[in-house]
């Protein structure tokens, strides 16, 4: 499929890029590839740039966040940048006390567990997003015709950090609030949807060419709870992008049980983890959407031949899709050798 | 269904118990109920009994392990005891250095990550299981006609502790070994199957009336990897029970994608977490097996009416099964109020 003349994106900066074409349902001869969490941990130039700067401070320093976002594009030859940030950044900008504790993750000063805790949450002042807009502007200038993907955490995952107060294996306190107090839950998830929606929208208005919502913890939910108590809020987050026309990408870890519900939340591209082969995922989704994924990160440390065979297998399974953006089934593990990622990009670009 | 006269279990100590009858496909008028992790953390008498004793030391002290196993039967009125232990106990008894670090979980002194690491693993000396047999003997004497369920970790979950060296969110190192070095992987999983199989068998020979294999991490696997690289080893663990005739129960967290593969590993009863309703799980399994579960532990802290309605809904969904043992969809959370568990047992026993 070729976009018709007169389409609002035909003359855009990135509309001819492999990524945007594939996300809009085109099948370019070369398949686009990028990696979730490519900006950060595994790159030595990232560790050098971050030295002496706390994670959230780095996210809010425009020059530094822009530099970290650009690093993997230069080194790996990927077809997109993804905005370097943390899912709690918009929460912090809305005034909630939160820090990233090394080796542990985000820790919230005062966990949000009651109706009165939720009432104390204040809306995100659009002016607070100025450093984000500034960083995205620098990134977009540096990228030229390479697209930037906006990054945001889905309401359920955001809420789970707020309720648990930190990382948790099973989100039990979060799910307990969800089933015990539906009104407080809905208010909390709406707040999360609004802050993450504003965060995504700021990135798009400043020049991002696509927007991806990450729901890291949705796999801990039953289908019924996802459908009734979570999906409407993920939809609300995507709705914040109304009128912007960028492709909306949804990635959820362990989302196999609810893939068919994702088109209705507004997802136009769906990221698939390593648990399901692409053709099985496409069948469950039902709607003919481009898919993103699903190389198993466990292969990144395997002998090259095994990784290459696995990547080619994923690409063959992607052949019949309406569009396929090659990616991992989860973020780049910190110990990954960047040379392996660069070689993987070459392989994807050389394969039909 | 009533067991025919002459059946080898008809005259057994526990063969008329609600649990054993339900696990053999009978539908007693009162439905049996017990709780995964009922022995331990949430009971004050457990914390008192454990005071000053390390976790693994408690597991290997027969009087203490037996007392802890019996406590929830006395307090909660459940229809079965489950043997108090830790999945790394047979690993420790086979000579691997491992400790339980409070708030973190099992930590292995020297993680197992290479062919030579696996070669160094030694078989479990049956004599080392003497404290387990002794504890089970005390429990069985104390239980009378109430059955004891033997407890063991599945090979994949056991291997993941050995490879990661401690708890991990995604079992990435474990899965990397699995895809990188299939021969080392198979040798490691066979070793795990043999130690956990011997551990289960010792409990059954000493008087346990059923045996449950726990695969806490199987939800991190793709269906293909589970089928090819894990299921044969879980089968090997169950095969260690050959000739014992006790019902074999399999519980895997996030097992939705592979439920149909579980009858072939030898599971005769299947535990279902909270992600899928029982009727959907039964449909996927295909074979007419009794199911165990699947009350969502997130409801344990909810107002009683909500928990009661949820428990009744689970029971209604279990009505059409060939057998239903009521349980949680995961272990009892440490902060659970024991009175809520006792009230839940009363509810289950009062419902048709």
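Chains as they are written, first to last, in the UniProt record's numbering: chain A, 1 to 352; chain B, 1 to 352. From the three backbone atoms N, C-alpha and C, an ideal C-beta is built for every residue, glycine too.
Select from the options the residue whose C-alpha is nearest the C-alpha of residue i.
i: residue 196 of chain A; options: A/181, A/116, A/88; result: A/88
i: residue 72 of chain B; options: B/307, B/175, B/336; result: B/336
i: residue 308 of chain A; options: A/139, A/349, A/65, A/194; result: A/349
i: residue 310 of chain A; options: A/321, A/327, A/206, A/323; result: A/327
i: residue 230 of chain B; options: B/296, B/342, B/185, B/95; result: B/185
i: residue 104 of chain B; options: B/285, B/70, B/164, B/234; result: B/164
i: residue 127 of chain A; options: A/138, A/66, A/90; result: A/90
i: residue 252 of chain B; options: B/172, B/267, B/240; result: B/267
i: residue 244 of chain B; options: B/228, B/225, B/204; result: B/204
i: residue 221 of chain A; options: A/250, A/254, A/144; result: A/254
i: residue 66 of chain B; options: B/49, B/172, B/225; result: B/49
i: residue 140 of chain B; options: B/62, B/346, B/187; result: B/62
i: residue 68 of chain B; options: B/321, B/143, B/273; result: B/143
i: residue 351 of chain B; options: B/161, B/113, B/29; result: B/29
i: residue 330 of chain A; options: A/38, A/25, A/24, A/20; result: A/38
Give me the Cα-Cα distance between residue i and residue j, rounded to the nearest whole angstrom.
i: residue 301 of chain A; j: residue 76 of chain A; result: 17 Å
i: residue 123 of chain B; j: residue 246 of chain B; result: 25 Å
i: residue 27 of chain B; j: residue 16 of chain B; result: 12 Å
i: residue 22 of chain B; j: residue 269 of chain A; result: 46 Å
i: residue 283 of chain B; j: residue 256 of chain B; result: 11 Å
i: residue 223 of chain B; j: residue 275 of chain A; result: 7 Å
i: residue 7 of chain B; j: residue 206 of chain B; result: Unreliable placement is indicated for residue 7 of chain B, whose pLDDT of 44 sits below 50; the coordinate value is still reported in the next sentence. Those two C-alpha atoms are separated by around 21 Å.
i: residue 237 of chain A; j: residue 70 of chain B; result: 50 Å
i: residue 292 of chain B; j: residue 325 of chain B; result: 5 Å
i: residue 84 of chain B; j: residue 154 of chain B; result: 16 Å
i: residue 261 of chain A; j: residue 285 of chain A; result: 7 Å
i: residue 18 of chain A; j: residue 339 of chain B; result: 60 Å
i: residue 109 of chain A; j: residue 100 of chain A; result: 11 Å
i: residue 183 of chain B; j: residue 242 of chain B; result: 26 Å
i: residue 60 of chain A; j: residue 129 of chain A; result: 9 Å
i: residue 317 of chain B; j: residue 31 of chain B; result: 13 Å
i: residue 263 of chain B; j: residue 290 of chain B; result: 11 Å
i: residue 1 of chain B; j: residue 323 of chain B; result: A caution first: residue 1 of chain B carries a pLDDT of 40, below 50, which makes its placement in the model unreliable, though a value can still be read off. Their backbone Cα atoms lie some 10 Å apart in a straight line.
i: residue 166 of chain A; j: residue 248 of chain B; result: 37 Å
i: residue 95 of chain A; j: residue 125 of chain A; result: 9 Å
i: residue 13 of chain B; j: residue 217 of chain A; result: 45 Å
i: residue 334 of chain A; j: residue 52 of chain B; result: 39 Å
i: residue 115 of chain B; j: residue 287 of chain A; result: 46 Å
i: residue 33 of chain B; j: residue 294 of chain B; result: 11 Å
i: residue 159 of chain A; j: residue 178 of chain A; result: 10 Å
i: residue 118 of chain A; j: residue 173 of chain A; result: 15 Å
i: residue 171 of chain B; j: residue 181 of chain B; result: 16 Å
i: residue 345 of chain A; j: residue 78 of chain A; result: 6 Å
i: residue 35 of chain A; j: residue 86 of chain B; result: 38 Å
i: residue 227 of chain B; j: residue 57 of chain A; result: 45 Å
i: residue 146 of chain A; j: residue 200 of chain A; result: 18 Å
i: residue 225 of chain B; j: residue 281 of chain A; result: 17 Å
i: residue 347 of chain A; j: residue 341 of chain A; result: 10 Å
i: residue 265 of chain B; j: residue 232 of chain B; result: 7 Å
i: residue 55 of chain B; j: residue 168 of chain A; result: 22 Å
i: residue 202 of chain A; j: residue 191 of chain A; result: 17 Å
Just list the residues that DSSP pairs residue i with in beta bridges.
i: residue 106 of chain B; result: B/100
i: residue 151 of chain B; result: B/212
i: residue 250 of chain B; result: B/213, B/270
i: residue 324 of chain B; result: B/291
i: residue 81 of chain A; result: A/148
Please name the residues in the region 172 to 191 of chain B whose beta-carbon is closer than 9 Å to at least one beta-carbon of chain A, in chain order. For the region 172 to 191 of chain B, residues whose beta-carbon sits nearer than 9 Å to a beta-carbon of chain A comprise 172, 173, 174, 175, 176, 177, 178, 179, 180, 181.
With 8 Å as the limit, tell me which residues of the region 316 to 343 of chain B have their beta carbon closer than that to any beta carbon of chain A; keep them in chain order. 330, 333
Using a Cβ cut-off of 9 Å, which residues of the UniProt domain "Uroporphyrinogen decarboxylase (URO-D)" (149 to 165) of chain B contact any Cβ in chain A, in chain order? none
Considering only residues of the region 159 to 244 of chain A, which uninterrupted alpha helix (DSSP H) runs meet the minimum length of 4 residues and lie entirely inside it, listed in chain order? 172 to 180, 182 to 205, 231 to 239
Could you name the residues of the region 297 to 310 of chain B whose beta carbon sits closer than 8 Å to any beta carbon of chain A, in the order they occur along the chain? 297, 298, 299, 300, 301, 302, 303, 306, 310
Can you list, in chain order, the residues of the region 255 to 278 of chain A whose Cβ is nearer than 8 Å to any Cβ on chain B? Within the region 255 to 278 of chain A, the residues whose Cβ lies closer than 8 Å to some Cβ of chain B are 256, 257, 274, 275, 276, 277, listed in chain order.
Contacting positions in the region 209 to 224 of chain A - beta carbon closer than 9 Å to chain B: 219, 220, 221, 222, 223, 224
Anything in the region 77 to 94 of chain B with a Cβ closer than 8 Å to a Cβ of chain A? List those residues in chain order, please. none
Just to confirm the assignment: which complete alpha helix (DSSP H) runs, minimum length 4, are found wholly within the region 7 to 71 of chain A? 18 to 23, 44 to 50, 55 to 59
Using a Cβ-Cβ cut-off of less than 9 Å, give me the residues of the region 113 to 124 of chain A that come near chain B, in sequence order. none
Listed from N- to C-terminal order along the chain, which residues in the region 223 to 242 of chain A have their beta-carbon within a distance smaller than 9 Å of any beta-carbon of chain B? 223, 224, 225
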